[in-house]
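Keeping their order, the protein sequence lines are chains A and B.
Oh and the first sequence: position 258 is 589 in this note's numbering, straight run, nothing missing.
Oh and the second sequence: position 161 is 501 in this note's numbering, straight run, nothing missing.
No residue lacks a Cβ here, since even glycine has one placed at the ideal position from N, Cα and C.
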Amino acid sequence: MAGLHIYQEKLTPELAARLAAVCPFGALKADGAGLSVEAGCRMCRLCVKKSGGVIVEQKDERPAIDKNEWRGVAVLADYSHGRLHPVTLELLGKARELVKVTGHPVYAVLMGHGTEQAARIVAAGGADRVFVYDSPELAEFAVEPYADAFADFIRKVKPSSVLVGATNLGRSLAPRVAARFRTGLTADCTALEMRENTDLVQIRPAFGGNVMAQIITPNHRPQFCTVRYKIFSACECPPEPGEIVPMAMPGAEKPYGIKIRRVTAMPAEVDISEADVLVAVGRGVKNEEDMELAAKLAELLGGQLACSRPLVEAGIFDAKHQIGLSGRTVKPKLLITLGISGAVQFAAGIQGAECVVAVNSDPNAPIFDSAHYSVVGDLSKLLPKLVGKLKARDEARMDTTKQNGQAARKPAAAAEGFSQAAVREEADHVS
Amino acid sequence: MKILACVKQVPGTNKVEIDPVTGVLKRDGVSSKLNPYDLYSLETGFQLAEKYGGEVYTLTMGPNQAKTAIRETLAMGAAGGVVISDRRLAGADVLATSYTLAQGVRSAGDFDLILCGKQTTDGDTAQVGPELAEHLGIPHVTNVLEVRLAGGAEEEEEAGAGASGDMRGSYGKLLVRALRDGLIVEQLVAMPCLLCMEDGVNTPRLPSYRRQKAIREEQIGVMTLDDMKDRNEKAYGLSGSPTQVVRMFPPQKREGKEIYDGPEEESADRIFGLLRERKMI
């Protein structure tokens with residue numbers, strides 16, 4: 332069986348101790364008898380590299396699968412409750428890039444009930460063929476019928492790679508189906524590359540994001556991966572809309588154990604610690620107008636308004652909007668701080684933010700130590716300009732959305748300038 | 341109700357870094373702890389057992405030291421626990437891990453409910469739970485907020501025939517509220533089933549000193565591959581793992597910080613460009 336083999340006779344006590352220290356998982360134990368590998372080993376192969384041939388990796392002899400039997404990149408259309416998640420189009424965009432290497436087709440699989448509109452959007456978004464399972468059992472997402480339909484698609488179409496959005500739905504469904512095929516699944520990939528032999532190179536952060544791991548599934552098909560929303564981009568100019576192929580819902584592999592009773596929308600207010608976009612205001616926001624503009628900025632970015640402690644103490648904000656040690660720890664993709672000086676207590680709450688844009692009039696404000704983009708200037712001058720630009724863009728986009736809304740009903744025309752907003756709007760119509 | 345909670349021992353800190361020059365993983369300390377996400381599923385289990393009667397058992401896979409994690413669950417209120425530990429399990433990916441756990445569950449007995457945490461802090465995949473459910477052939481729900489036993493004839497009838505797995509027990513139906521991409525879904529789930537709990541859904545209890553003192557060694561079982569029904573070594577560890585890590589490298593650091601200290605109009609333009617570049621608009 333595969334694993335590490337240690338040539339104990341070649342070991343010196345010094346080398347054994349050194350190798351034991353190399354293992355980041357503490358899985359190599361040096362003792363009187365030599366060196367042994369324990370169950371904590373993650374096969375990172377560091378010890379193999381550092382051992383000068385004393386530790387070698389043993390590989391299994393396995394019959395190689397025929398990779399030619401599996402063709403194409405398939406995308407799961409993330410559809411349920413009459414909504415098509417925009418991550419679907421991003422994955423189609425990536426799939427189109429990947430097949431440039433292999434010349435294979437891009438497939439999509441769509442499961443749901445009353446799926447016609449969604450199928451057209453997916454077909455126009457870059458899929459060569461959209462396989463549609465439309466059945467009352469699929470009206471709401473329940474993992475059993477969805478997994479059965481998904482598995483039926485894989486058996487019949489045999490895609491080489493399967494891309495799934497890392498939504499709640501995708502993270503529930505993809506592992507279920509990957510396990511059914513006893514194949515590999517890589518979660519939350521941040522980059523994907525295709526090799527000519529159809530191996531999908533999957534890159535994801537490991538160990539809390541301080542290390543990136545490159546992962547392949549060399550001898551299993553299909554290769555499953557999940558990707559979060561807003562990692563890839565939708566096709567800028569998708570090809571002609573693909574063919575829509577209706578599929579028959581397979582019989583239940585097992586009686587279904589889940590029955591959906593009620594689906595309700597979440598209350599609109601989201602916890603700031605879960606928000607993707609935050610605009611945080613501090614003592615430097617001195618007047619009503621600026622405060623309103625800050626709120627408008629948050630709204631235009633689809634984010635939430637947060638604050639630093641002084642504004643809670645002044646009674647302007649409720650404590651649940653406060654960022655910092657005595658408030659919430661946040662991890663947004665984007666944080667814009669306005670007039671916040673950035674005391675250590677505040678800085679401690681924003682360490683997880685992916686991108687911090689700080690605006691402050693004092694070039695020596697400590698907030699700039701935590702910021703990726705430091706903007707020195709007067710808020711009262713900057714905010715109206717920025718909000719104005721965003722508003723102007725939004726209005727321009729509303730116009731194209733209207734046009735696209737019509738275009739999507741004529742799939743051939745939808746190829747030009749497909750915006751995500753249009754998709755969401757279209758998807759809403761379906762419900 | 342017989343409940344099994346799957347737990348994992350994870351590194352005490354996430355500060356593993358890679359040396360950009362030598363490519364060596366640098367680890368900060370060797371302390372370990374119970375995966376924080378598992379605390380919510382444990383608490384859910386304890387509450388259900390207290391409310392409806394029954395016991396919570398725990399299961400983990402890991403090195404022998406993972407007994408410490410089981411010990412902690414016993415001090416919190418679990419009736420017993422098992423560590424699956426075998427060096428032949430080394431290098432397991434999601435599939436091999438979930439398969440091993442499934443084999444462990446089958447060997448450990450029959451359960452009405454299997455609880456998992458949302459994810460672990462070291463692997464972060466959130467995939468082992470659903471894969472485990474598939475191997476066991478039972479339904480699963482992820483991002484679960486609330487669980488109770490379904491009561492009343494109407495709910496019973498709605499749930500229809502229960503799933504017929506090869507696990508036997510006194511089955512009923514659970515009423516499960518779960519999160520799904522901005523929706524709250526209420527569903528009836530036939531037992532046996534597997535639920536992955538969302539984090540923050542309850543206030544996990546602390547280990548009790550009295551319980552800790554009362555732990556007997558025989559409450560902690562150790563299983564190896566030889567205790568499994570499937571003893572084919574190739575289904576486990578590295579051999580049973582379809583995925584392969586081919587390379588590890590440090591993430592690209594964002595090139596130094598940028599300072600916009602020109603006139604406000606220019607800064608507004610640059611922020612706008614930045615928002616577009618980062619796909620925020």
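Around the Cβ of residue i, are there at least 16 other Cβ atoms within 10 angstroms (buried) or fewer (exposed)?
{"i": "S548/B", "result": "exposed"}
{"i": "I599/B", "result": "exposed"}
{"i": "C346/B", "result": "buried"}
{"i": "G580/B", "result": "buried"}
{"i": "P532/B", "result": "buried"}
{"i": "S371/B", "result": "exposed"}
{"i": "H416/A", "result": "buried"}
{"i": "A723/A", "result": "exposed"}
Would residue i count as contacting chain A if we go by Cβ distances under 8 Å?
{"i": "L429/B", "result": "yes"}
{"i": "S381/B", "result": "no"}
{"i": "H611/B", "result": "The sequence given here has Ile at residue 611/B, not His. So yes, I611/B belongs to the interface."}
{"i": "A499/B", "result": "For A499/B, the predicted model reports a pLDDT of 48, less than 50, meaning its position is unreliable and no value from the coordinates is stated."}
{"i": "K373/B", "result": "no"}
{"i": "A503/B", "result": "Confidence in A503/B is poor, its pLDDT being 41 and thus under 50, which makes the residue's placement too unreliable to answer from."}
{"i": "D570/B", "result": "no"}
{"i": "M537/B", "result": "no"}
{"i": "A409/B", "result": "no"}
{"i": "E604/B", "result": "yes"}
{"i": "A473/B", "result": "yes"}
{"i": "G352/B", "result": "no"}
{"i": "D567/B", "result": "no"}
{"i": "G402/B", "result": "yes"}
{"i": "L455/B", "result": "no"}
{"i": "P376/B", "result": "no"}
{"i": "Q584/B", "result": "yes"}
{"i": "M563/B", "result": "no"}
{"i": "R618/B", "result": "yes"}
{"i": "L546/B", "result": "no"}
{"i": "D506/B", "result": "Low confidence applies to D506/B: its pLDDT is 36, below 50, so where it sits in the model is not reliable, and the reading given next is rough at best. It does not; no Cβ of chain A falls within 8 Å."}
{"i": "M588/B", "result": "yes"}
{"i": "G420/B", "result": "no"}
{"i": "S447/B", "result": "no"}
{"i": "S607/B", "result": "yes"}
With DSSP collapsed to three states, give me the class of residue i.
{"i": "Q682/A", "result": "coil"}
{"i": "P490/A", "result": "coil"}
{"i": "K561/A", "result": "coil"}
{"i": "E486/B", "result": "strand"}
{"i": "H475/B", "result": "helix"}
{"i": "E598/B", "result": "strand"}
{"i": "T583/B", "result": "coil"}
{"i": "Y438/A", "result": "strand"}
Closest Cβ-Cβ distance between residue i and chain B: below 8 Å?
{"i": "I681/A", "result": "no"}
{"i": "Q339/A", "result": "no"}
{"i": "L717/A", "result": "yes"}
{"i": "F538/A", "result": "yes"}
{"i": "P697/A", "result": "no"}
{"i": "C520/A", "result": "no"}
{"i": "I546/A", "result": "yes"}
{"i": "T419/A", "result": "no"}
{"i": "Y410/A", "result": "no"}
{"i": "Y704/A", "result": "yes"}
{"i": "T529/A", "result": "no"}
Do residue i and residue j have their C-beta atoms closer together than 8 Å?
{"i": "P590/B", "j": "V368/A", "result": "no"}
{"i": "L441/B", "j": "V487/B", "result": "no"}
{"i": "G708/A", "j": "S692/A", "result": "yes"}
{"i": "K342/B", "j": "F451/B", "result": "yes"}
{"i": "P403/B", "j": "A358/A", "result": "yes"}
{"i": "I654/A", "j": "I681/A", "result": "yes"}
{"i": "V508/A", "j": "A478/A", "result": "yes"}
{"i": "V718/A", "j": "L624/A", "result": "yes"}
Query raised in the report: For the 8 Å Cβ check, are there 3 or more pairs between the stretch 392-401 of chain B and the stretch 419-435 of chain B?
Result: The stretch 392-401 of chain B makes contact with the stretch 419-435 of chain B, as at least three CB pairs between them are under 8 Å.
Query raised in the report: Per the contact definition of three or more C-beta pairs closer than 8 Å, is the stretch 447-463 of chain A in contact with the stretch 553-564 of chain A?
Result: In the pairwise beta carbon analysis, the stretch 553-564 of chain A is classified as not touching the stretch 447-463 of chain A: fewer than three pairs are separated by under 8 Å.
Query raised in the report: Does the stretch 459-471 of chain B come close enough to the stretch 602-616 of chain B that 3 or more CB-CB pairs lie under 8 Å?
Result: Three or more beta-carbon pairs separated by less than 8 Å are not found between the stretch 602-616 of chain B and the stretch 459-471 of chain B, which leaves the two stretches without contact.
Query raised in the report: Three or more beta-carbon pairs under 8 Å between the stretch 386-405 of chain A and the stretch 490-505 of chain A, yes or no?
Result: Note that the stretch 386-405 of chain A touches the stretch 490-505 of chain A; at least 3 beta-carbon pairs, one per stretch, sit closer than 8 Å.
Query raised in the report: Is there contact between the stretch 590-607 of chain A and the stretch 495-512 of chain A, where contact requires at least three CB pairs shorter than 8 Å?
Result: The stretch 590-607 of chain A vs the stretch 495-512 of chain A: no contact.
Query raised in the report: Quick check: the stretch 511-520 of chain A against the stretch 416-426 of chain A, are there 3 or more CB pairs under 8 Å?
Result: Not touching, per the Cβ criterion.
Query - Validate contact between the stretch 370-387 of chain B and the stretch 451-459 of chain B using beta carbons, cut 8 Å, 3 pairs - result: At 8 Å Cβ cutoff, the stretches touch.
Query raised in the report: Are at least three pairs of beta-carbons, each pair with one atom in the stretch 574-583 of chain A and one in the stretch 626-633 of chain A, less than 8 Å apart?
Result: Judged by Cβ distances under 8 Å, the stretch 574-583 of chain A makes no contact with the stretch 626-633 of chain A, as fewer than three pairs qualify.
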